[in-house]
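Heads up: the structure comes next, in C-alpha cells.
Numbering (my numbering), first residue to last: 2 to 377.
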C-alpha cells in the first residue's frame, strides 16, 4: 500500500473534544491532492455515553489504557465508530481502501511526551473488514513536537483547491472543543498552525451546568448576556497566549475558567466565554493578517460566536466554510482520511511550522483485518 500514483478511497473518523458524536467522511486522494469527496455524516452519542466520556476526561491524568473499567467504554466507543463507517459505506455503495481512525482524545500532554487517543483499531479493522490507520499523534510527540494540530496539511490542500485562493493569505479556523488555526501564505505553500485556545468545550460545559442542555443552541444564551471585560482580560492573561506558535492544548487547560465566572448569570457567562473563544482565535500571531478566514467545525453554527469573530477581524473577510462549498462538519473527518493515505505512503503528517517538531514527521500505524484483536 505505498504506490505513489495510487488514488485511495478512505473513510476518516473524528470524535472531537466536544464529545457530541462521531463524524465520518469519505475522501478520495493520493495523499497530496484532494480528488473527490463522498458522503459524510455525524452519528451522535447518547447523553449517557457523552457523560461517560466526560467523566473519563476528568479522570484521564491518573489513568492508563488498562485501568479498571475502561475496556467496556473503549469497546462501546469503537462500536460507535464502526457503525459510522458502515453507514458511510452504505451511502457510498462501495468499500474504502482504508479507514483513518483518530480515536477519542482523553489526554494531551506533549510536555511530558504523552498523548492518548482511546479506541481499539484492531477490533475496528476486524469489524469492518477494512485496514485501519490509527495513532496519528504519538510519533510527533515522541520526536519533540506538540502532536497537534494535525489538520494543517489537509487545510493547505483544501485552500489550494479553492477557486479564488491564488495570491490571497488564508486562514482555516476549526472551532471544535478546542480551536485551531492554519495560516496559509500567498504562495499556497507557506503554512503556520497552532491551537489557539478554547473552542466550544468551555461554553458547552458552562451551558450544561446552568441549563442542562449540551450547547448554546443558536447562541441564544450568549446573545442575551453581556461580556464581563475584567474577567475576559483575566482569561486572556493565561501564559498560553504568550507562547509563540506552534502550540497545542488539552481540552481541560482552561477548565478553571468555569469557577472564575461562577458569579455571573448564565447569560453573561455564556457571552464572556463566547468572546473568549473569538478573542483567542484572533490573537494568534501570524506573518501577515489573512485576507479571508474560513470557519469550520461546530462553532460556525453559533451566530454569537460568528458575530464576535467578524467584529474582531479588523475588516478582513470571515465566512463559514459552507459558503465556499466545504462541509464544515466533515473537514476533520476528511482530514483523517487524508492523513491515513499519507501515512501508508510514508508522507509527513506534521512539520516544524505546524507542531514544532524538529523535522517533517511521518506517523500513524496500520492494522489489517485478521490481525490481533484486543480483548479476544
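Virtual Cβ for every residue (Gly too), placed ideally from N, Cα, C.
Tell me the DSSP secondary structure of residue 264 in three-state form. Counting from 1 along the chain shown, the entry for residue 264 is found at position 263. Residue state for residue 264 is assigned as coil, using DSSP reduced to three classes.
Which word fits residue 181, buried or exposed, when buried means at least 16 other C-beta atoms lie within 10 angstroms of its C-beta? Within the chain shown, numbered from 1, the residue matching residue 181 stands at position 180. Buried, by the Cβ-count rule.
Roughly how many whole angstroms lie between the Cα atoms of residue 321 and residue 69? Residue 321 sits at position 320 when you count from the first residue of the chain shown. Residue 69 sits at position 68 when you count from the first residue of the chain shown. The alpha-carbon atoms of residue 321 and residue 69 are separated by roughly 43 Å.
Check residue 45 in the structure and name its three-state DSSP category. Within the chain shown, the letter at position 44 stands for residue 45. The three-state reading of DSSP puts residue 45 in strand, counting E and B together.
Helix, strand or coil at residue 366 according to DSSP, with G and I counted as helix: Translated into the one-based positions of the chain shown, residue 366 becomes position 365. If DSSP states are grouped into helix, strand and coil, residue 366 belongs with the strands.
For the beta strand (DSSP E) that residue 199 lies in, which residues bound it at each end? On the chain shown, position 198 is the one that residue 199 refers to. 192–199 is the span of the beta strand (DSSP E), which, as asked, contains residue 199.
Mind listing, in chain order, the continuous beta strand (DSSP E) runs of no fewer than 3 residues lying wholly within the region 276–327? Here the runs fully enclosed are 293–297, 318–321.
Compare the Cα-Cα distances from residue 371 to each of 77, 8, 129 and report the closest residue. Numbered from its first residue, the chain shown carries residue 371 at position 370. Of the listed residues, the one whose Cα sits closest to residue 371 is 129.
Hey, how far is the Cα of residue 24 from the Cα of residue 216? Translated into positions along the chain shown, residue 24 becomes position 23. Translated into positions along the chain shown, residue 216 becomes position 215. Answer to the nearest angstrom: the Cα atoms are 17 Å apart.
Inter-residue Cα distance where the pair is residue 3 and residue 351: As a position in the chain shown, residue 3 is number 2, starting the count at 1. As a position in the chain shown, residue 351 is number 350, starting the count at 1. The pLDDT assigned to residue 3 is 49, lower than 50, so where the model puts this residue is not dependable; a value taken from the coordinates is nonetheless given after this. Taking the straight line joining both Cα atoms gives about 19 Å.
May I ask you to list the residues that DSSP assigns as paired with residue 11? Start at 1 with the first residue of the chain shown, and residue 11 comes out as number 10. Residue pairing by DSSP places residue 11 opposite 28, 99 in a beta bridge.
If we ignore side chains and look at the alpha-carbon of each, how far apart do residue 337 and residue 223 end up? Within the chain shown, residue 337 is the residue found at index 336, counting from 1. Within the chain shown, residue 223 is the residue found at index 222, counting from 1. Rounded to the nearest whole angstrom, the CA to CA distance from residue 337 to residue 223 is 32 Å.
Hey, quick one: how far does the alpha helix (DSSP H) through residue 335 stretch, first residue to last? Within the chain shown, residue 335 is the residue found at index 334, counting from 1. Looking at the DSSP string, the run of the alpha helix (DSSP H) that includes residue 335 is 332–345.
Based on Cα-Cα distance, which residue from 159, 271, 347, 148 lies nearest to residue 226? For the purposes of this step, residue 226 is taken as the residue at position 225 of the chain shown. Of the candidates 159, 271, 347, 148, the residue whose Cα lies closest to the Cα of residue 226 is 271.
Any idea what DSSP makes of residue 253, helix, strand or coil? The count along the chain shown starts at 1 and reaches residue 253 at position 252. Residue 253 falls in the helix class under three-state DSSP.
Would you check if the distance between the CB atom of residue 190 and the CB atom of residue 119 is smaller than 7 Å? Along the chain shown, one-based indexing puts residue 190 at 189. Along the chain shown, one-based indexing puts residue 119 at 118. No; because the gap between Cβ atoms is not below 7 Å, this pair is not in contact.
Counting only runs of 3+ residues fully inside the region 139–199, write out the beta strand (DSSP E) ranges in chain order. Runs of the beta strand (DSSP E) spanning 3 or more residues and lying entirely within the region 139–199 occur at 171–176, 179–185, 192–199, in chain order.
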